[in-house]
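Taking the working numbering, the leading residue of the sequence shown gets 7, the next gets one more, and so forth. Where a beta carbon is used, it is the ideal one built from N, C-alpha and C, also for glycine.
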Amino acid sequence: MTRSWTVEDTGRALRRPTTADDKYSRGVLGVRTGSDAYPGAAVLGVEAAWRTGLGMVRYVGAERPTALVLARRPETVAGDGRVQAWLIGSGTDAPTRGAAETGALRGILHDTDPVIVDAGALDLAQDGTAPRILTPHAREHARLRAGLGLAPASGDSVAAAQGTADATGAVLLLKGATTVVAAPGSAAIEVSAGTPWLATAGTGDVLAGVIGALVASAVAHGQAADAASLASLAASGAWLHGHAGRLASAERGGGPITALDVAEALPRAVAEALDAV
Numbered sequence: 007m008t009r010s011w012t013v014e015d016t017g018r019a020l021r022r023p024t025t026a027d028d029k030y031s032r033g034v035l036g037v038r039t040g041s042d043a044y045p046g047a048a049v050l051g052v053e054a055a056w057r058t059g060l061g062m063v064r065y066v067g068a069e070r071p072t073a074l075v076l077a078r079r080p081e082t083v084a085g086d087g088r089v090q091a092w093l094i095g096s097g098t099d100a101p102t103r104g105a106a107e108t109g110a111l112r113g114i115l116h117d118t119d120p121v122i123v124d125a126g127a128l129d130l131a132q133d134g135t136a137p138r139i140l141t142p143h144a145r146e147h148a149r150l151r152a153g154l155g156l157a158p159a160s161g162d163s164v165a166a167a168q169g170t171a172d173a174t175g176a177v178l179l180l181k182g183a184t185t186v187v188a189a190p191g192s193a194a195i196e197v198s199a200g201t202p203w204l205a206t207a208g209t210g211d212v213l214a215g216v217i218g219a220l221v222a223s224a225v226a227h228g229q230a231a232d233a234a235s236l237a238s239l240a241a242s243g244a245w246l247h248g249h250a251g252r253l254a255s256a257e258r259g260g261g262p263i264t265a266l267d268v269a270e271a272l273p274r275a276v277a278e279a280l281d282a283v
């Protein structure tokens, strides 16, 4: 049994800032993504987080991606510090990851702040103790299941996602034409808000930034980072990402889009979701 996520569901998961807010009460997201080989992932994730709406982004990364992040988004704070959530792994490669970076990521995964785990950090996620949202695509999901000793997915993406969520104790967001969000012991959610034009490099990095922003904002507002809440936020992030993709394509006559186009359409997607409730 699954449920389909709607614009109204998404709007209820969002928070419109008030005159009582400051940058800290709106949420602070820590981002540890990108690499010298793939610096663009850091830029896209940070851009998406800012455009989804939160108070601060702290970026921690190598010199090259840090320089590119600050050139694109100078309001970003380059350096570690207190956050309400973390985004890790986008634009990184597990086989080339050094021991120091592995130790830092394990520290994040065994702390108390919720963590969005993408791409090159997924190999570390299974034994984490922090509240986690894992965001693999189909091939990454297959590797994750193999690492867990689970049977290959049989074609039923909902059942496979649910099994992985149960095995890891984490929320599992399986990216695809229809995105599946599964939480341990709960009914799965399906999100079909996108467009086939989203099947292009970098859009997964944008999605991770969107989810990170939503989680940081929710935690800053006092929302518990339990599995049900994180699943709702992950599904809302997937809806916003898909709708932003549709908006970006419509602005270009229904044609192709880039990941940065999707990020730039996020404010309108957020506004439409908020206006729906």
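Next on the checklist: So, for S192: in the same chain, excluding its five sequence neighbours on each side, which residues have a beta-carbon less than 8 Å away from its beta-carbon?
Outcome noted: A233, A234, A237
Next on the checklist: Among the candidates R22, D99, A47, whose CA atom is the shortest distance from the CA of V75?
Outcome noted: A47
Item to check | Neighbourhood of D129 by C-beta, 7 Å cutoff - its chain only, sequence neighbours within 5 removed | outcome: A100, G153
Item to check | Environment of S223 [buried if 16+ CB atoms lie within 10 Å] | outcome: buried
Item to check | G248 (DSSP reduced to helix, strand or coil) | outcome: helix
Checklist entry - Going straight from the alpha carbon of P71 to that of G208, what length do you get? => result 15 Å
Checklist entry - Pick from W245, L272, A244: whose alpha carbon is nearest that of A254? => result L272
Checklist entry - Which residue comes first and which comes last in the beta strand (DSSP E) that contains V63? => result 62 to 65
Checklist entry - Are the segment 81 to 91 and the segment 242 to 259 touching by the rule of at least three beta carbon pairs closer than 8 Å? => result no
Item to check | Opening and closing residue of the beta strand (DSSP E) in which I139 lies | outcome: 138 to 140
Item to check | V2 - containing alpha helix (DSSP H), residue span | outcome: Residue 2 lies beyond the stretch modelled for the chain, which goes from 7 to 283, so this question has no answer here.
Checklist entry - In terms of residues, what are the limits of the alpha helix (DSSP H) holding A166? => result 163 to 174
Checklist entry - Of all Cβ atoms in chain B, is any one closer than 7 Å to the Cβ of D27? => result No chain B is present in this structure, which holds just one protein chain.
Item to check | Neighbourhood of G261 by C-beta distance below 7 Å, restricted to the same chain and skipping five residues each side | outcome: S255
Item to check | Residues bridged to E196 [DSSP beta-bridge criterion] | outcome: S10, V186
Checklist entry - Should K181 be labelled buried (16 or more other beta-carbon atoms within 10 Å of its own) or exposed? => result buried
Checklist entry - Which residues in the same chain as T98 place their Cβ atom closer than 6 Å to its Cβ, once the five residues preceding and following it in sequence are excluded? => result S41, G126
Checklist entry - Bridge partners of W3, per DSSP? => result As shown, the chain starts at 7 and ends at 283. That puts residue 3 outside it, with no answer to give.
Checklist entry - How far does the alpha helix (DSSP H) with L179 in it reach, from first residue to last? => result L179 -> not in any alpha helix (DSSP H); beta strand (DSSP E) instead, spanning 177 to 180.
Item to check | Exposure label - A205; buried when at least 16 CB within 10 Å | outcome: exposed
Item to check | Opening and closing residue of the alpha helix (DSSP H) in which S143 lies | outcome: For the record, residue 143 in the displayed sequence is His; it is not Ser. Element bounds for H143: n/a, residue is neither H nor E.
Checklist entry - Count the other CB atoms within 10 Å of the CB of A226; is the residue buried (16 or more) or exposed (fewer)? => result buried
Checklist entry - Within 10 angstroms of its Cβ, does Y30 collect 16 or more other Cβ (buried), or is it exposed? => result exposed
Next on the checklist: Pop quiz: V216 and T39 are said to be a contact at Cβ under 8 Å. What is the actual Cβ separation, rounded to whole angstroms?
Outcome noted: No, V216 and T39 are not in contact; Cβ-Cβ is about 13 Å, not under 8 Å.
Item to check | Under 7 Å between C-beta atoms of V164 and A194 | outcome: yes
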